[in-house]
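Taking it in order: structure first as structure tokens, then the write-up.
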Amino acid sequence: MKRWSAVWAACCFLAACANFSDTTGKPQRFEEKIAGEHAALAACVTAKLQSDGRPFLRPLQFRNRQYPDMHASEIHAYDTRFLRNAIPTYAPSNPDAILIYGNPAAEVQSAAQRNDNDKPVYAFALMLQQTDAATVNASLRGDVFFGDIAWKILQSCAASPVNP
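Under our numbering, the first residue of the sequence shown is numbered 1, with each subsequent residue one higher.
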């Protein structure tokens, strides 16, 4: 009997370890060369994501980071449900449900600081790195659902003649 309980406990432990998700390494979903300038595209995507009124985007907080030494911009969408000291706008503990509208200012950081940005849980990360004067290499990693939305918004920003 003891042997069977030990085998059962070992199987449960292995099953739990197999289902443990890795939050630091999100898979890459898209990569493509897009016409445009990284800062303008990042501002356009962030503005459109921030102003999107769909309820499933409400728990996301967007950060637009620029890395001048890399000639790149990166947009992170953090899920406020998994951030410490963050209260989502739909939570019962936030009865006023104040939404923050407007463009978040771009955060200018060095490439060395980029490694520390991936520590919190994020829904997606969209990297826009300038390859030449008119082309950006765009790569997106993260959640399939939110990543598809961000990628479609990026393509609409690249296709529009005037970026906000």
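Every residue gets a Cβ at the ideal spot worked out from N, C-alpha and C, and that includes glycine.
Same chain, Cβ closer than 8 Å to Gln-28, neighbours up to 5 away in sequence not counted: Ser-139, Leu-140 and Arg-141
message: At the level of alpha carbons, what is the spacing between Lys-152 and Leu-128?
response: 14 Å
Three-state secondary structure (DSSP) of Gly-147: Of the three classes helix, strand and coil, the one that applies to Gly-147 here is helix, per DSSP.
field: Alpha-carbon to alpha-carbon, Phe-146 and Asn-137
entry: 20 Å
query: What three-state label does DSSP hand Thr-46 in the structure shown?
result: helix
- prompt: Which value, in whole angstroms, describes the spacing of the CA atoms of Ile-34 and Ala-133?
  reply: 12 Å
Continuous beta strand (DSSP E) stretch holding Leu-128: start and end: Start and end: 122–130.
field: Beta bridge counterpart(s) of Asp-79 as assigned by DSSP
entry: Leu-60
query: What does Leu-221 pair with, by DSSP beta-bridge criteria?
result: No answer is possible for residue 221: it lies beyond the span of the chain, which begins at 1 and ends at 164.
query: Do you know how far the Cα of Tyr-122 is from the Cα of Pro-171?
result: Nothing in the structure corresponds to residue 171, since the chain is present only between 1 and 164.
message: For Ala-159, count the other beta carbons within 10 Å of its own beta carbon; 16 or more makes it buried, fewer makes it exposed. Which is it?
response: exposed
message: Looking at Thr-80: is its Cβ nearer than 8 Å to the Cβ of Phe-62?
response: no
field: Buried/exposed call for Ser-73, threshold 16 Cβ in 10 Å
entry: If you draw a 10 Å sphere on the C-beta of Ser-73, you find 16 or more other C-beta atoms in it, and that means buried.
- prompt: CB Asn-64 to CB Ala-77, shorter than 8 Å?
  reply: no
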